[in-house]
Amino acid sequence: MKNGSVLRELRKFERDSSWIHRRFEDLRKRYPNELIAVRGGKIIAHAKSVPELHAKVRRLNPRLVGKVAIEFLPKEDQLLIL
Amino acid sequence: MRIRGEWGAHEAPYVRAVLICPSLGIRSPLTFLVDSGATRTAILDHDAQNLMIPYDKLTRQPQGAVGVGGMAEAFLMRAIDLVFQADSGSHVERLLTIQVLRHPTRTERERHAVLALPSVLGRDFLNKYELRLNHKKRLVAIEG
Numbered sequence: 001m002k003n004g005s006v007l008r009e010l011r012k013f014e015r016d017s018s019w020i021h022r023r024f025e026d027l028r029k030r031y032p033n034e035l036i037a038v039r040g041g042k043i044i045a046h047a048k049s050v051p052e053l054h055a056k057v058r059r060l061n062p063r064l065v066g067k068v069a070i071e072f073l074p075k076e077d078q079l080l081i082l
Numbered sequence: 001m002r003i004r005g006e007w008g009a010h011e012a013p014y015v016r017a018v019l020i021c022p023s024l025g026i027r028s029p030l031t032f033l034v035d036s037g038a039t040r041t042a043i044l045d046h047d048a049q050n051l052m053i054p055y056d057k058l059t060r061q062p063q064g065a066v067g068v069g070g071m072a073e074a075f076l077m078r079a080i081d082l083v084f085q086a087d088s089g090s091h092v093e094r095l096l097t098i099q100v101l102r103h104p105t106r107t108e109r110e111r112h113a114v115l116a117l118p119s120v121l122g123r124d125f126l127n128k129y130e131l132r133l134n135h136k137k138r139l140v141a142i143e144g
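The listed protein sequences correspond, in order, to chains A and V.
Going by the numbering used here, the residue at position 82 of the first sequence is 82; the numbering climbs one at a time, nothing skipped.
Going by the numbering used here, the residue at position 15 of the second sequence is 15; the numbering climbs one at a time, nothing skipped.
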């Protein structure tokens with residue numbers, strides 16, 4: 001398998017996903033109960049549902065749908081016992 | 001082989017990979033919670049929606065799945081590659097199947113709780129390797 005382009009895609013995603021995780025608490029306050037999509041260290045869309053988020057990302061660049069880092073930001077602190 | 005992850009939201013360990021499923025035309029990156037409590041690796045609701053995984057083309061598991069989000073519908077996606085960034089280049093993990101879960105939700109609050117659940121990298125993957133977690137040193141590594 002030619003993994004060069006896959007790894008480039010993964011590295012971009014890792015940077016953006018990490019960007020979200022480092023700011024998780026601040027972002028939760030700014031976008032309570034919303035999903036955000038991040039590309040290049042910038043929030044490119046936010047929405048209440050994945051289809052709504054996809055529609056906004058699609059308007060910016062259809063090729064980015066399903067490829068950018070997204071995260072749901074719960075308003076209430078959630079106790080996760082996994 | 002050494003895959004590095006990081007401590008992220010909720011001070012939990014995460015790794016990222018690109019999921020490739022040629023039969024469904026899916027090639028998308030996603031974030032996994034490293035979860036040694038999970039029997040199987042699973043894609044949860046918001047990632048399944050984001051990757052536009054067609055549930056109707058998956059094999060439904062009649063027994064479902066039980067987890068932190070309660071009882072969920074469980075589906076099998078077949079012939080998956082997970083591509084990780086490793087120190088030595090790429091690491092490709094071939095999985096015969098991966099679970100895709102769908103939680104029923106009745107209220108907005110339940111919907112929010114389910115959307116917050118991360119996809120999990122479970123013991124079907126982790127038990128093949130050495131998992132190294134050290135929060136004090138901010139270390140998340142899978143080695144083999």
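Glycine included, C-beta positions come from ideal geometry on N, C-alpha and C.
All values reported here derive from a predicted model rather than from experimental measurement.
*Identify, in the order they occur along the chain, each residue of the same chain with its Cβ nearer than 8 Å to the Cβ of V:L139, setting aside the five sequence neighbours on each side.*
Residue 139 of chain V sits at position 139 when you count from the first residue of the second sequence. Taken in chain order, the residues that qualify are R132, L133.
_Among the candidates V:A86, V:P104, V:S36, whose CA atom is the shortest distance from the CA of V:M1?_
Indexing the second sequence from 1 puts residue 1 of chain V at position 1. Among V:A86, V:P104, V:S36, the Cα nearest to that of V:M1 is on V:A86.
_Taking the straight line between their C-alpha atoms, what separation do you get for V:V34 and A:A37?_
If you number the second sequence from 1, residue 34 of chain V lands on position 34. If you number the first sequence from 1, residue 37 of chain A lands on position 37. Near 22 Å, if we compare the C-alpha coordinates of A:A37 and V:V34.
*Exposure label - A:V68; buried when at least 16 CB within 10 Å*: Here residue 68 of chain A refers to the residue found at position 68 of the first sequence. By the 10 Å Cβ count, A:V68 comes out buried.
*From the beta carbon of A:I44, is the nearest beta carbon of chain V less than 9 Å away?*
Your numbering for residue 44 of chain A matches position 44 in the first sequence. The C-beta of A:I44 comes no closer than 9 Å to any C-beta of chain V.
*Is the Cβ of V:G89 closer than 9 Å to any Cβ of chain A?*
Stepping through the second sequence from its first residue, residue 89 of chain V is reached at position 89. Among the CB atoms of chain A, one or more fall inside 9 Å of the CB of V:G89.
*V:N50: first and last residue of the uninterrupted alpha helix (DSSP H) it sits in*: As a working note, residue 50 of chain V is residue 50 in the second sequence. Where V:N50 is concerned, the enclosing alpha helix (DSSP H) stretches over 45-50.
*asked:* Quick check on DSSP: helix, strand or coil for V:A113?
replied: Taking the second sequence and counting its residues from 1, one reaches residue 113 of chain V at position 113. V:A113 falls in the helix class under three-state DSSP.
*Taking only beta-carbon atoms, is A:I70 less than 9 Å away from chain V?*
Position 70 of the first sequence, counted from the start, is the residue given in the question as residue 70 of chain A. Residue contact with chain V for A:I70: present (Cβ-Cβ distance below 9 Å to some residue of chain V).
*asked:* For V:E108 and V:I26, I'd like the C-alpha separation in whole angstroms.
replied: Looking up residue 108 of chain V in the second sequence gives position 108. Looking up residue 26 of chain V in the second sequence gives position 26. Their Cα atoms are separated by approximately 29 Å.
_Let me check understanding here. Comparing Cα to Cα, which of V:I53, V:P54, V:L117, V:F32 lies closest to V:L82?_
Here residue 82 of chain V corresponds to residue number 82 of the second sequence, with the count starting at 1. Considering only alpha carbons, the answer is V:F32.
*Are the segment 70-81 of chain V and the segment 38-45 of chain A in contact at 8 Å, needing three or more beta carbon pairs?*
Pairwise C-beta distances place the segment 70-81 of chain V out of contact with the segment 38-45 of chain A, as fewer than three of them are shorter than 8 Å.
*Verify whether the separation of the beta carbon atoms of V:G100 and V:L76 is less than 9 Å.*
As a working mapping, residue 100 of chain V is identified with position 100 in the second sequence. As a working mapping, residue 76 of chain V is identified with position 76 in the second sequence. Gly is not the amino acid found at residue 100 of chain V; the sequence shown has Val there. Closer than 9 Å, so yes.
_Backbone secondary structure at V:H103 - three-state DSSP_ = By 1-based counting over the second sequence, the position of residue 103 of chain V is 103. The answer is coil: DSSP assigns V:H103 none of H, G, I, E or B.
*In its own chain, which residues sit with a C-beta less than 8 Å from the C-beta of A:R60, not counting the 5 before and 5 after it?*
Start at 1 with the first residue of the first sequence, and residue 60 of chain A comes out as number 60. It should be pointed out that residue 60 of chain A corresponds to Leu in this sequence rather than to Arg. Around A:L60, the same chain offers I44, A45 as residues with beta carbons nearer than 8 Å, after the five sequence neighbours per side are excluded.
*asked:* What would DSSP say about V:A12, mapped onto helix, strand or coil?
replied: What you label residue 12 of chain V is simply residue 12 of the second sequence in a count that begins at 1. Reduced to three states, the DSSP call for V:A12 is coil.
*asked:* Looking at the strands, I want to know which residues DSSP matches up with V:L58.
replied: As a first step, residue 58 of chain V must be located in the second sequence, where it is residue number 58. Beta-bridge pairing links V:L58 to no other residue.
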